[in-house]
Amino acid sequence: MDIQRLDVDGVPIAVRHRDGGAPGFVWLGGYRSDMDGTKAVELDRWCGERGLACTRFDYSGHGQSGGEFRDGTISRWLGESMAVVEAFARKPVILVGSSMGAWIALRMVQELNAGAASDPVAGLLLLAPAPDFTSELHEPHLTDAQRRDLDQKGYFEEPTPYGPDPNIFTRALFEDGRENRVMTGPIDTFCPVHIIQGQADPDVPWQHAQRLFELLSKDDAVIGYVKDGDHRLSRPQDIALIAKAAGALADQVGAR
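The numbering of the sequence shown is the numbering used here, which starts it at 13 and goes up by one.
(1) For residue 103, I'd like the list of residues in its chain whose CB is within less than 6 Å of its CB, leaving aside the five on either flank, ordered along the chain.
(2) Would you list the residues sitting across from residue 182 in a DSSP beta bridge?
(3) So within the segment 76-163, which uninterrupted beta strand (DSSP E) runs reach at least 3 residues, ignoring any that extend past its ends?
(4) At the level of alpha carbons, what is the spacing between residue 175 and residue 34?
(5) Which residue comes first and which comes last in the alpha helix (DSSP H) that contains residue 261?
(6) Determine the DSSP secondary structure at residue 20, reduced to helix, strand or coil.
(7) Jot down the residue ranges of each uninterrupted alpha helix (DSSP H) in the segment 185-245, minimum 4 residues, whole runs only, in chain order.
(8) How should residue 51 be labelled, buried or exposed, when 16 other C-beta atoms within 10 angstroms of its C-beta is the threshold for buried?
(9) Using a Cβ-Cβ cut-off of 7 Å (strictly less than) and excluding sequence neighbours within five positions of residue 112, which residues of its own chain qualify?
(10) So the beta strand (DSSP E) residue 50 belongs to, where does it begin and stop?
(11) To the nearest whole angstrom, what separates the beta carbons of residue 155 and residue 167, a pair I think is in contact under 8 Å?
(12) Could you give the C-beta distance for residue 255 and residue 39, rounded to a whole number, given that I count them as a contact under 8 Å?
(13) Hey, is the segment 234-245 in contact with the segment 195-208, meaning 3+ C-beta pairs nearer than 8 Å?
(14) Whole angstroms is fine: what's the gap from residue 24's alpha carbon to residue 67's?
(15) What residues in its chain sit with their C-beta under 7 Å from that of residue 95, if we drop five residues either side in the sequence?
(16) What span of residues does the beta strand (DSSP E) with residue 36 cover, start to end?
(17) Is DSSP giving residue 44 helix, strand or coil here?
(18) Count the other CB atoms within 10 Å of the CB of residue 13; is the residue buried (16 or more) or exposed (fewer)?
(19) With distances taken Cα to Cα, identify the nearest neighbour of residue 36 among 134, 92, 74, 54.
(20) Could you tell me the alpha carbon to alpha carbon distance between residue 138 and residue 161, rounded to whole angstroms?
(21) Consult DSSP for residue 172 and reduce its assignment to one of helix, strand or coil.
(22) Could you check how far apart the C-beta atoms of residue 199 and residue 54 are, in whole angstroms? I think they sit under 8 Å.
(23) With 16 as the cutoff for other CB atoms within 10 Å, does residue 72 come out buried or exposed?
(24) With DSSP as the reference, label residue 29 as helix, strand or coil.
(25) Can you give me the C-alpha to C-alpha distance between residue 107 and residue 81, rounded to a whole angstrom?
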């Protein structure tokens with residue numbers, strides 16, 4: 013499908029939207045990932061087969077959107093996500109957040125849901141969720157050199173197995189991340205939540221997902237572990253699990 017552009021604070025955000033029925037699904041990608049990755053494309057295909065709406069997009073500095081990656085923060089990407097949902101998504105929506113996208117999804121329900129029948133977010137599907145990853149997963153393990161680079165240069169670089177270019181982490185990202193933490197106490201989403209986590213994930217320890225699960229206050233939260241699953245969760249068997257969870261959430265939302 014063709015890419016559409018949404019101007020958010022002067023930055024063109026690239027969006028692919030499939031019309032269909034509700035609940036609409038919205039893909040929220042991970043740090044430095046894009047909307048044309050395997051899981052996002054397979055979610056869109058699955059929605060198409062079932063006549064459901066699906067919206068996927070690239071954050072600023074990612075994929076085919078404008079803007080500089082180094083200017084990105086959780087607050088900025090959250091604002092773009094909310095703007096895309098408002099402009100394109102078929103409501104109510106099920107947010108599918110991968111890695112950092114799960115953090116964005118959790119912040120979105122904090123901003124959008126209030127426990128009312130009119131709440132726009134009807135469900136969350138969180139894949140290898142990495143909420144608070146700056147303060148919980150990165151800051152405690154920063155080297156002296158990385159801390160020095162953050163202080164003196166405003167960023168540091170780190171090799172990644174997911175592409176040829178290194179990851180870039182900025183001081184602004186860490187500072188803004190502290191203002192957007194969600195794992196500081198019980199989390200009320202006012203909607204069902206399904207988590208899928210690989211126990212062989214080298215980037216997000218399964219214990220992080222378990223802690224998130226325990227903070228969720230709703231009784232209809234579910235967590236499933238993939239014994240040999242990695243961070244990507246993009247193998248055919250992983251995609252099948254994601255599709256099964258998406259279908260269960262769609263049925264649950266439809267029954268309300």
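Even for Gly, the Cβ is constructed at its ideal location relative to N, Cα and C.
On the basis of the data shown:
(1) By one-based count along the sequence shown, residue 103 stands at place 91. Once the five neighbours on either side are set aside, the close Cβ partners of residue 103 are 132.
(2) Taking the first residue of the sequence shown as 1, we reach residue 182 at position 170. Residue 182 is bridged to 167.
(3) With a minimum length of 3 residues, the continuous beta strand (DSSP E) runs that stay inside the segment 76-163 are 105-110, 133-139.
(4) Residue 175 sits at position 163 when you count from the first residue of the sequence shown. Residue 34 sits at position 22 when you count from the first residue of the sequence shown. Approximately 35 Å between the Cα atoms of the pair.
(5) Reading the sequence shown from its first residue, position 249 is the one you call residue 261. For residue 261, the enclosing alpha helix (DSSP H) begins and ends at 248-266.
(6) Residue 20 sits at position 8 when you count from the first residue of the sequence shown. Note: residue 20 maps to strand in three-state DSSP.
(7) Listed in chain order, they are 218-227.
(8) The sequence position of residue 51 within the sequence shown is 39, counting from 1. Its Cβ being crowded by 16 or more others within 10 Å, residue 51 is buried.
(9) Taking the first residue of the sequence shown as 1, we reach residue 112 at position 100. These residues qualify, in order along the chain: 42, 43, 142, 145.
(10) By one-based count along the sequence shown, residue 50 stands at place 38. Premise fails: residue 50 lies in the alpha helix (DSSP H), 50-62, not in any beta strand (DSSP E).
(11) Residue numbering aside, residue 155 sits at position 143 when the sequence shown is read from its first letter. Residue numbering aside, residue 167 sits at position 155 when the sequence shown is read from its first letter. Actually they do not touch by this definition, with Cβ atoms about 14 Å apart.
(12) In the sequence shown, residue 255 corresponds to position 243, counting from 1. In the sequence shown, residue 39 corresponds to position 27, counting from 1. Taking the Cβ atoms as the reference, residue 255 lies roughly 13 Å from residue 39, outside the contact range of under 8 Å.
(13) yes
(14) In the sequence shown, residue 24 corresponds to position 12, counting from 1. In the sequence shown, residue 67 corresponds to position 55, counting from 1. The alpha-carbon atoms of residue 24 and residue 67 are separated by roughly 16 Å.
(15) As a first step, residue 95 is located in the sequence shown; it is residue number 83 there, counting from the start. Contacts found: 18, 20.
(16) Counted from its first residue, the sequence shown places residue 36 at position 24. Segment 33-40, the beta strand (DSSP E) holding residue 36.
(17) Here residue 44 refers to the residue found at position 32 when the sequence shown is read from its first residue. Three-state DSSP puts residue 44 in coil, outside helix and strand.
(18) In the sequence shown, counting from the first residue as 1, residue 13 sits at position 1. Exposed, because fewer than 16 other Cβ atoms sit within 10 Å of the Cβ of residue 13.
(19) The count along the sequence shown starts at 1 and reaches residue 36 at position 24. Checking every option, the nearest Cα to that of residue 36 belongs to 134.
(20) For the purposes of this step, residue 138 is taken as residue 126 along the sequence shown, with counting starting at 1. For the purposes of this step, residue 161 is taken as residue 149 along the sequence shown, with counting starting at 1. The alpha-carbon of residue 138 is positioned some 32 Å away from that of residue 161.
(21) Within the sequence shown, residue 172 is the residue found at index 160, counting from 1. Correct three-state label for residue 172: coil.
(22) For the purposes of this step, residue 199 is identified with residue 187 of the sequence shown, where counting begins at 1. For the purposes of this step, residue 54 is identified with residue 42 of the sequence shown, where counting begins at 1. With a Cβ gap of about 27 Å, residue 199 and residue 54 do not count as contacting.
(23) Working through the sequence shown from its first residue, we reach residue 72 at position 60. Residue 72 should be labelled buried.
(24) Reading the sequence shown from its first residue, position 17 is the one you call residue 29. In the structure shown, residue 29 sits in a strand (DSSP, three-state: E or B).
(25) Counting from one through the sequence shown, the residue named residue 107 turns up at place 95. Counting from one through the sequence shown, the residue named residue 81 turns up at place 69. Spanning the two alpha carbons is a distance of roughly 23 Å.
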